[in-house]
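Chemist: Just so you know, the sequences run in chain order R and V. According to my numbering, the residues represented by the first sequence are 18 to 601, in order. According to my numbering, the residues represented by the second sequence are 86 to 693, in order. Ideal placement from N, C-alpha and C gives every residue a C-beta, glycine not left out. If you're wondering where the values come from, they're calculated on a predicted model, not measured in any experiment.
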Amino acid sequence: MAHPDSPADVRLLATYLRPERRQLLALLGILVVAMVLPLAGPVLVGRFVDTALDGGTSAALAGLALAFLLTTLTGDGLQLVVTWLSVRLAWRVGNNLRSDLCAHALSLDLDWHGDHSPGQLIERIDGDIDAVTRFSSTAVLQLAGNAILVVGVLVVSALIDWRASALIALTVAAAIVVMVHLRRVAVPFYDEEREVQGRLYGDVEERLGGLEDLRANGAGRWAEHRLQQHSAGWWRTARRAAARGDGSISLAGAVFAAGSVATLALGVWLSRRGELSVGSVLTLLRFSQLVSDPLWRVAEQLAEAQKAVAGTSRAARLLATSPRITDGDGADLPPGPLTVELRGVTFGYGTGHAVLDDVDLLVPAGTTLGIVGRTGSGKTTIGRLVARLWDTEDGRVLVGGSDVRTLRVADLRRRIGIVTQEVELFRASLRDNLTIFGTLRADDDRLREVVADVGLGRWLRSLPDGLDEHLDGDGDLSAGEGQLLAFARVLLADPAVVILDEASSRLDPATEARLAVATDRLLAGRTAIIIAHRLATLDRVDHICVIDHGRVVEHRDRALLAADPSSRFHGLLAAGRAVDEVTT
Amino acid sequence: MTSTTPATPTATSDASDTGARTTGAPTNGARTAAPATAPETASSFRFAWRILRADRQAWLISVAMWCLFFCLPLATGLVLRSVLDRLPPGDGSGIWTVVAVLAGLEVGRWLVLLPAIIQWHGAFVFWHTVPRVNVLRSLAQDPGPVTDRLPGSPGEAVSRFRDDARDIAQVLDVWLDLVAATLGSLGGLAVLAFISPPAAVAMALPVVVVLWIGQVLASRLRRWRMAERQATAGVTGFIGDAFGAIGAVKVAAAEPAVLGRFQELGRVRAAHARRDQVGTQVSQVLGGITANAGLGLALLLAAPALRRGDLSVGDIGLFTTYATVVAGLPRITARWSAWQRQAEVSAARLGRLIADHDADRASAPVTTHLRHGPPAYVHDVVEPRTRRSAPVRLERLAVRGLRVHLDEGDQVAGVDLDVRRGQLVVVTGPVGAGKSVLLRAVLGLVPRAGGSILWNDEEVDDPSTVLVPPRVAYVPQVPRLFSETLADTVLLGVDPAGLARAFTLACLDDDLDDLPDGRRTMVGPKGVRLSGGQIQRAAAARAFVREPELLVVDDLSSALDVATETRLWDGLFTAADGDLTVLAVSHRPRVLERADVVIRLADGRRRT
Numbered sequence: 018m019a020h021p022d023s024p025a026d027v028r029l030l031a032t033y034l035r036p037e038r039r040q041l042l043a044l045l046g047i048l049v050v051a052m053v054l055p056l057a058g059p060v061l062v063g064r065f066v067d068t069a070l071d072g073g074t075s076a077a078l079a080g081l082a083l084a085f086l087l088t089t090l091t092g093d094g095l096q097l098v099v100t101w102l103s104v105r106l107a108w109r110v111g112n113n114l115r116s117d118l119c120a121h122a123l124s125l126d127l128d129w130h131g132d133h134s135p136g137q138l139i140e141r142i143d144g145d146i147d148a149v150t151r152f153s154s155t156a157v158l159q160l161a162g163n164a165i166l167v168v169g170v171l172v173v174s175a176l177i178d179w180r181a182s183a184l185i186a187l188t189v190a191a192a193i194v195v196m197v198h199l200r201r202v203a204v205p206f207y208d209e210e211r212e213v214q215g216r217l218y219g220d221v222e223e224r225l226g227g228l229e230d231l232r233a234n235g236a237g238r239w240a241e242h243r244l245q246q247h248s249a250g251w252w253r254t255a256r257r258a259a260a261r262g263d264g265s266i267s268l269a270g271a272v273f274a275a276g277s278v279a280t281l282a283l284g285v286w287l288s289r290r291g292e293l294s295v296g297s298v299l300t301l302l303r304f305s306q307l308v309s310d311p312l313w314r315v316a317e318q319l320a321e322a323q324k325a326v327a328g329t330s331r332a333a334r335l336l337a338t339s340p341r342i343t344d345g346d347g348a349d350l351p352p353g354p355l356t357v358e359l360r361g362v363t364f365g366y367g368t369g370h371a372v373l374d375d376v377d378l379l380v381p382a383g384t385t386l387g388i389v390g391r392t393g394s395g396k397t398t399i400g401r402l403v404a405r406l407w408d409t410e411d412g413r414v415l416v417g418g419s420d421v422r423t424l425r426v427a428d429l430r431r432r433i434g435i436v437t438q439e440v441e442l443f444r445a446s447l448r449d450n451l452t453i454f455g456t457l458r459a460d461d462d463r464l465r466e467v468v469a470d471v472g473l474g475r476w477l478r479s480l481p482d483g484l485d486e487h488l489d490g491d492g493d494l495s496a497g498e499g500q501l502l503a504f505a506r507v508l509l510a511d512p513a514v515v516i517l518d519e520a521s522s523r524l525d526p527a528t529e530a531r532l533a534v535a536t537d538r539l540l541a542g543r544t545a546i547i548i549a550h551r552l553a554t555l556d557r558v559d560h561i562c563v564i565d566h567g568r569v570v571e572h573r574d575r576a577l578l579a580a581d582p583s584s585r586f587h588g589l590l591a592a593g594r595a596v597d598e599v600t601t
Numbered sequence: 086m087t088s089t090t091p092a093t094p095t096a097t098s099d100a101s102d103t104g105a106r107t108t109g110a111p112t113n114g115a116r117t118a119a120p121a122t123a124p125e126t127a128s129s130f131r132f133a134w135r136i137l138r139a140d141r142q143a144w145l146i147s148v149a150m151w152c153l154f155f156c157l158p159l160a161t162g163l164v165l166r167s168v169l170d171r172l173p174p175g176d177g178s179g180i181w182t183v184v185a186v187l188a189g190l191e192v193g194r195w196l197v198l199l200p201a202i203i204q205w206h207g208a209f210v211f212w213h214t215v216p217r218v219n220v221l222r223s224l225a226q227d228p229g230p231v232t233d234r235l236p237g238s239p240g241e242a243v244s245r246f247r248d249d250a251r252d253i254a255q256v257l258d259v260w261l262d263l264v265a266a267t268l269g270s271l272g273g274l275a276v277l278a279f280i281s282p283p284a285a286v287a288m289a290l291p292v293v294v295v296l297w298i299g300q301v302l303a304s305r306l307r308r309w310r311m312a313e314r315q316a317t318a319g320v321t322g323f324i325g326d327a328f329g330a331i332g333a334v335k336v337a338a339a340e341p342a343v344l345g346r347f348q349e350l351g352r353v354r355a356a357h358a359r360r361d362q363v364g365t366q367v368s369q370v371l372g373g374i375t376a377n378a379g380l381g382l383a384l385l386l387a388a389p390a391l392r393r394g395d396l397s398v399g400d401i402g403l404f405t406t407y408a409t410v411v412a413g414l415p416r417i418t419a420r421w422s423a424w425q426r427q428a429e430v431s432a433a434r435l436g437r438l439i440a441d442h443d444a445d446r447a448s449a450p451v452t453t454h455l456r457h458g459p460p461a462y463v464h465d466v467v468e469p470r471t472r473r474s475a476p477v478r479l480e481r482l483a484v485r486g487l488r489v490h491l492d493e494g495d496q497v498a499g500v501d502l503d504v505r506r507g508q509l510v511v512v513t514g515p516v517g518a519g520k521s522v523l524l525r526a527v528l529g530l531v532p533r534a535g536g537s538i539l540w541n542d543e544e545v546d547d548p549s550t551v552l553v554p555p556r557v558a559y560v561p562q563v564p565r566l567f568s569e570t571l572a573d574t575v576l577l578g579v580d581p582a583g584l585a586r587a588f589t590l591a592c593l594d595d596d597l598d599d600l601p602d603g604r605r606t607m608v609g610p611k612g613v614r615l616s617g618g619q620i621q622r623a624a625a626a627r628a629f630v631r632e633p634e635l636l637v638v639d640d641l642s643s644a645l646d647v648a649t650e651t652r653l654w655d656g657l658f659t660a661a662d663g664d665l666t667v668l669a670v671s672h673r674p675r676v677l678e679r680a681d682v683v684i685r686l687a688d689g690r691r692r693t
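(1) R470(V) CB to nearest chain R CB: under 7 Å?
(2) Report back the beta-carbon spacing between D451(R) and A505(R) to the nearest angstrom; my notes put them in contact at under 8 Å.
(3) Inspect the beta-carbon positions of G284(R) and G63(R) and report whether they are closer than 7 Å.
(4) Which runs of the beta strand (DSSP E) spanning at least 3 residues fall entirely within the stretch 418–488 of chain R, listed in chain order?
(5) Given G735(V), which residues of its chain have a CB within under 6 Å of its CB, disregarding the five upstream and five downstream residues?
(6) Note the first and the last residue of the continuous beta strand (DSSP E) segment covering C119(R).
(7) Is the beta carbon of L302(R) closer than 7 Å to that of L281(R)?
(8) Decide if D556(R) is buried, meaning its Cβ has at least 16 other Cβ atoms within 10 Å, or exposed.
(9) Output needed in chain order: residues of the stretch 353–377 of chain V with a Cβ under 7 Å from some Cβ in chain R.
(10) Taking Cβ positions, are R481(V) and R505(V) nearer each other than 7 Å?
(11) Is the separation between the beta-carbon of T68(R) and that of A77(R) shorter than 7 Å?
(12) I want to verify the contact list: residues of chain R whose CB lies under 8 Å from the CB of E340(V), in sequence order.
(13) Alpha carbon to alpha carbon, how far is Q318(R) from A192(R)? Give it in angstroms, no decimals.
(14) Assign T89(R) to buried or exposed, taking buried as 16 or more other Cβ atoms, counted over all protein chains shown, within 10 Å of its Cβ.
(15) S537(V) versus chain R: which residues are under 7 Å apart at the beta carbon?
(16) So, for A186(R): in the same chain, excluding its five sequence neighbours on each side, which residues have a beta-carbon less than 8 Å away from its beta-carbon?
(17) Considering only their Cβ atoms, is the gap separating V563(R) from V389(R) smaller than 7 Å?
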C-alpha cells in the first residue's frame with residue numbers, strides 16, 4: 018500500500034485542479050473580502066465598550082452597533098457566493114475524476130475484475146471521490162481563506178498590542194502542530210475503516226444477488242453471521258479511527274482554549290497596569306477566539322481531508338494499476354473473414370496450473386471449428402484468448418495473421434463476436450442492450466430484424482414500449498431469452514470471427530432448431546469457433562478439435578473423425594447419438 | 086470561553102455531505118418493486134426511536150456528553166463576565182482565581198470530548214447495524230418470496246443497506262445535537278432574560294425569524310434532495326450494472342459507449358447536486374447570520390442601559406459569548422428537519438425489504454456482537470436421512486393447479502405434477518415455457534397466483550420456509566457463488582462432515598486437485614475464477630451436502646459435457662441406492678431417458 022502522503026496522491030489532485038486555476042483565483046478574491054470583513058466585528062465591540070465607559074453618546078453607541086450589523090452580515094452574504102462558486106467547481110473536478118476512474122476501471126483486465134466486485138467499484142469510483150471533491154472544492158478554499166483571516170487577526174491585534182498578537186500566533190502554531198501531527202497518524206486508520214466498509218458492502222451485495230441460492234438451501238443464518246462479523250469489524254476500526262482522527266480535534270480544541278485564556282490573562286495584566294483599555298481586552302479575546310473558528314473549519318476540513326487523502330490514494334492506486342492487456346501498434350486487420358491461429362499456447366490464469374498446455378490450433382479463414390472436451394478442459398479459455406480477454410503465458414495467438422498483441426484491442430474485439438453461457442444484460446432499454454449503449458450502430462428496422470432473426474420477434478411485439486422497453490437486468494428475461502438476445506448482439510455486430518461458447522446450452526432443442534437458421538446466416542462467410550458439449554450443435558462444422566486436460570488430442574476434418582471408429586470424437590458421437598435416438 | 090462553538094466538531098457530516106448516497110430510483114425498480122399499497126414514507130421518528138431504545142444506555146451517554154459540551158460555554162460566559170467586571174474601574178479582587186477557573190472550564194470541555202466521540206462512533210455503528218441485520222434476516226429467512234421486496238439490482242439493494250441505514254443513524258445523531266443545542270439555547274436565553282430582558286429579546290428575535298425561514302425552505306430543500314438522490318442512484322446503479330457485465334462490455338469493445346453514458350448521468354446528477362448543496366448551505370449560513378444579528382441588536386438595545394450603568398462591561402462580554410450559543414439552535418433545527426424528513430423515505434425503503442413492508446420489523450431489537458464479534462458459528466448438522474421423522478421424510482410431493490402471474494400474463498397456468506419417493510421427474514419444454522418459474526414457484530421463491538403444494542398430502546402454506554433442507558435443496562439455473570473459500574460457499578453454514586462426499590458426487594474431485602488451494606481456494610465474486618461447469622457443479626455440491634429428501638435441479642447440465650454429466654447422474658443414483666428423489670428441468674436426452682416422468686411445458690401449460 019502506498020503511503021497516503023506520497024507525492025503521487027498530491028500530484029493526482031493537482032492534475033485535476035490545475036485547469037481550474039482561474040476559477041480558484043476568482044473565488045479566492047471574493048473569499049478574501051468575505052474573510053476580512055468579520056475582523057471589524059470585535060474591534061467595533063471593543064470600541065462600543067470603551068465608548069460606553071468614556072461616557073459616549075447614545076447615538077455614537079447605536080452607530081457602532083449598526084456598523085457591527087452591516088459588516089458582519091455582508092460577510093455572511095459573501096460566504097454564500099463563495100459556496101455557490103465552489104460547489105460548481107467541486108462537481109466539475111469530481112466528475113472529471115470519476116469519469117477517468119470509470120474509464121480506467123473499464124480498461125482493466127478481467128483478471129482484476131475477478132477480484133473487485135461491482136459493489137467495491139461503486140465505492141472506488143463514486144464513494145471515495147465524493148470525499149475527494151468536497152475536499153478539493155471546500156477545503157482548498159477554506160485553507161486559503163482562513164489563512165488570510167488568521168494573518169488579518171495577527172496584524173490587527175498587533176496594532177492593539179504586539180505581545181497579544183505574538184501569543185495568538187503561538188497558539189495557532191501549537192494547534193496546527195497538534196492537528197497536523199495527529200492527522201498523519203490517523204490516515205491509515207481511516208483507510209482501514211473504508212476498506213472494512215467496502216468489504217461489508219461487497220459481501221452484502223453478493224448475498225443479495227444470491228438470495229434464492231441462500232434461501233432455498235437454508236443458509237439465511239449463515240449470511241447473517243457474515244454480516245455480524247463484518248459489522249463488528251467496522252465497529253472496531255471506526256472506534257480506532259475516531260480515537261486518532263477526532264483525538265486531534267479534541268486536543269487542538271484544548272490548545273485553543275488554553276491560548277484564549279492566556280490571551281485574556283495577558284489582557285487582564287496589561288489592563289491592570291493601565292496599558293490597555295477594557296474594550297481592547299474584549300477585542301483581543303474575541304480575536305483569540307476568532308482564529309479558533311477558521312482553524313476549526315480547517316480542522317473539520319482536515320477530517321474531510323483525511324478521508325479525501327485516503328480516497329485519493331485509493332484512486333491513485335486504481336489509476337496506477339495498469340492493464341496488462343494494452344493496445345499494440347495497431348496493425349490493420351484485412352477485411353473479410355480472418356484466420357485464427359494458436360501457436361504453442363500455454364495459459365493458466367496465473368495460477369501456475371496450465372489450463373491450456375502447448376496448444377496449436379489453426380482455423381483457416383471462413384471455416385468453422387468445433388471444440389469438444391470435458392468441462393474444465395480449457396475450451397472456454399481458447400475463446401477468451403482469441404478475443405484477448407487474457408494474454409497467453411507462453412506462445413502466440415494470431416488473428417488474420419497478426420499476433421493479437423500487435424493489434425489495437427478495440428479493433429480486434431470489433432471483429433470478434435462471442436456468445437457465452439453467461440448472459441449479461443443491463444438495466445436499460447432493449448435498444449441499449451442490443452447496441453450496448455450505441456456501440457453498435459443500427460437503425461430501428463435493423464434492430465427489429467435481428468431480434469426477429471433470433472426468434473424473439475413475437476416477444477418484441479408483445480413489449481408495450483417496443484425497443485424502448487426497459488429491461489430489468491437479468492430479472493426480466495428467461496436465461497434462454499437472454500441468450501437469444503446475445504445472439505442478436507452478435508448478428509448486429511457483424512464480426513469476422515464468431516465464437517459460440519456453449520451458446521445454446523440454455524436453449525431447448527426446439528428453440529435451438531429455430532435459431533439454427535440465424536446461426537447459419539451468422540456463420541456464413543465467417544471464421545467460427547463453436548464450443549459445445551451437445552454434439553448435435555456441431556453437425557455443420559468443418560473441423561473438430563478434441564481437447565483434454567489442456568491439450569489438443571484430436572484435430573481433423575469433421576467427416577474424417579466421425580468416420581474413424583478409433584477416434585474419440587467417434588466414440589462421443591456414438592454415445593450421444595444412441596441416447597438422442599431413443600428420446601427424440 | 087470559545088464563544089464560537091463548533092456545533093459538532095465530530096465526524097457527523099451535515100446534510101450537505103451526502104453526495105454519494107444512492108437510492109432506489111422508483112423508475113428503475115417499478116417492475117418488481119413493491120406493490121402500490123407499500124407506503125412511500127414511514128415515520129422516521131418511530132423508526133429511530135425504536136433503534137434508540139434497543140441500546141438506550143449508549144444514546145444517553147452520548148446525549149449527556151453532548152449537553153455538557155454545548156452548555157459549558159454558558160458557565161464560561163458567566164465567569165468571563167466576572168473577570169471583565171473586576172477590570173479597572175472594577176476593584177480587581179480575586180481576579181486571578183476567576184481566570185484560573187475559566188481556564189479549567191475551557192480546557193476541560195475539550196478533554197471531555199475525546200471519550201465522548203469514541204463512544205459515539207461505536208453507537209453510530211450500532212445504529213447502522215440494527216436495521217441491516219433485521220432486513221437481511223427477513224430477506225434470507227422470513228416466509229414468502231422476496232421477488233416483490235428487492236429492488237431491481239443488487240447494487241441498488243446494497244444502497245439500501247448503506248445509505249438508508251445511514252440516514253436513520255444520522256437521525257439519531259442529529260437528535261443528540263438537537264437536545265444539546267436546545268438546552269444550550271434556552272439556557273442561554275434564560276440567563277440573558279435575568280440579566281437584561283431587552284438583550285434576551287434581541288437575541289431570541291433572529292432565532293425565531295430564522296427558524297421560520299428554515300421552515301419555509303424545508304420543503305423545497307427536500308424536493309431538491311430527492312431529485313439529487315435519484316440522479317445519484319442512476320449513477321451508482323449504472324456503475325454496478327456496467328461492471329457486473331464487464332465481460333459483455335469488453336467483448337463488444339463497448340467501453341467508450343459505457344463511459345459516455347456514465348458521463349451523461351454524471352452531468353445530470355451534478356446539476357441536481359449543486360442546487361441541493363447550495364440550498365443546504367443557505368440554511369447553514371443562516372446560523373452565522375443569526376449570531377451576528379442577535380449580538381448587533383442586543384448591543385443596539387443595551388446601549389441606553391449601559392450608559393445608565395444598569396449593564397456592566399462584563400454583561401457585554403457575556404452577550405458576545407451567548408450570541409453564538411443561542412444561535413446554534415436554528416442551524417441544528419434545519420439539519421434536524423432535513424434529516425428527519427429524509428429518513429422518512431429511508432425508513433419506508435428499509436421497511437419495503439421486510440415481509441409485509443413492515444418498517445417496525447426493520448427497527449426491531451436485535452442482538453449485535455459489535456464489541457467482541459459474533460460467537461463462533463454453530464454449523465447446521467445434517468441429520469442422517471434414515472433418522473428423519475415422518476413429516477420430513479418425503480413420500481410424495483404434489484402440485485395442484487399451480488399458477489404464477491409475474492408481469493403480463495401467466496408464466497405458469499395451472500400445472501399439476503407429482504413426485505414420488507425414488508422418482509426422477511423431469512420438466513422440459515421450449516424457452517420461455519415457464520420451466521424455471523415453475524420450480525421457483527414450487528420452492529416459494531416467486532409468488533404463487535393460485536394452486537396448492539402438498540408434502541406427503543399435507544398442504545404447504547409457505548414453501549419458502551418449509552421446502553428447504555433437510556426436505557429440499559435447490560440447484561438454480563444460474564447459481565451464485567460468493568467471495569469465500571470453495572468449501573465455505575458450498576457449505577454455507579452446514580457441518581463440513583459431508584463435504585468430501587458432496588465434492589465427489591458433484592464430480593469436483595479432479596478440479597479440486599487442479600485448484601491452487603484445493604477446497605480452500607477463494608472463489609471470486611460470483612465465482613468468476615471457476616469455469617461455468619465448475620460453478621454449476623459447486624452449486625450441485627451445495628445441494629448434495631445437505632442430503633435433501635428432494636433434490637430440485639434447474640438445468641444442471643447446461644454447462645456440463647455429456648461425459649461429466651453422465652458420470653454425475655450415475656454417481657448420484659448409485660450412491661443413493663434407489664432412494665433418490667429429483668425434480669429437474671432439462672432438455673438433455675440422457676436425462677429424459679432416465680426420467681420416470683417427463684412433463685412437457687409450453688406457454689406455462691402442461692402438454693403431456
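Modeler: Inspection of the coordinates gives the following:
(1) Residue mapping note: residue 470(V) aligns to position 385 of the second sequence, counting from 1. No - not a single Cβ of chain R is within 7 Å of the one on R470(V).
(2) Counted from its first residue, the first sequence places residue 451(R) at position 434. Counted from its first residue, the first sequence places residue 505(R) at position 488. Note on residue identity: the sequence assigns Leu, not Asp, to residue 451(R). Cβ-Cβ separation between L451(R) and A505(R): approximately 6 Å, consistent with a contact (criterion under 8 Å).
(3) Numbered from its first residue, the first sequence carries residue 284(R) at position 267. Numbered from its first residue, the first sequence carries residue 63(R) at position 46. No, they are not a contact pair.
(4) With a minimum length of 3 residues, the continuous beta strand (DSSP E) runs that stay inside the stretch 418–488 of chain R are 433–436.
(5) There is no way to answer for residue 735(V), as the model of chain V reaches only from 86 to 693.
(6) Locating residue 119(R) in the first sequence gives position 102, where the first residue counts as 1. For C119(R), no beta strand (DSSP E) segment is defined; the enclosing uninterrupted segment is the alpha helix (DSSP H) at 75–124.
(7) For the purposes of this step, residue 281(R) is taken as the residue at position 264 of the first sequence. For the purposes of this step, residue 302(R) is taken as the residue at position 285 of the first sequence. Less than 7 Å divides the Cβ of L281(R) from the Cβ of L302(R).
(8) Residue 556(R) sits at position 539 when you count from the first residue of the first sequence. D556(R) sits exposed, since fewer than 16 C-beta atoms from the chains shown fall within 10 Å of its C-beta.
(9) From the stretch 353–377 of chain V, only A355, A358, R359, Q362, V363, Q366, V367, V370, G373, I374, N377 have a Cβ closer than 7 Å to chain R.
(10) As a working note, residue 481(V) is residue 396 in the second sequence. As a working note, residue 505(V) is residue 420 in the second sequence. Against a cut-off of 7 Å, the Cβ pair of R505(V) and R481(V) comes out as a contact.
(11) For this step, residue 68(R) is matched to residue 51 along the first sequence. For this step, residue 77(R) is matched to residue 60 along the first sequence. Yes, the pair counts as a contact, with Cβ atoms nearer than the cut-off.
(12) Along the second sequence, read from residue 1 onward, the residue named residue 340(V) stands at position 255. Near E340(V) (Cβ distances below 8 Å), the residues of chain R are A120, L123, S124, A427.
(13) In the first sequence, residue 192(R) corresponds to position 175, counting from 1. In the first sequence, residue 318(R) corresponds to position 301, counting from 1. Taking C-alpha positions only, A192(R) is separated from Q318(R) by approximately 15 Å.
(14) Translated into positions along the first sequence, residue 89(R) becomes position 72. T89(R) comes out buried.
(15) Working through the second sequence from its first residue, we reach residue 537(V) at position 452. Within chain R, no residue comes near S537(V); the closest Cβ sits about 19 Å away, beyond 7 Å.
(16) Taking the first residue of the first sequence as 1, we reach residue 186(R) at position 169. The residues are L171.
(17) Reading the first sequence from its first residue, position 372 is the one you call residue 389(R). Reading the first sequence from its first residue, position 546 is the one you call residue 563(R). One thing to note: V389(R) has its Cβ within 7 Å of the Cβ of V563(R).
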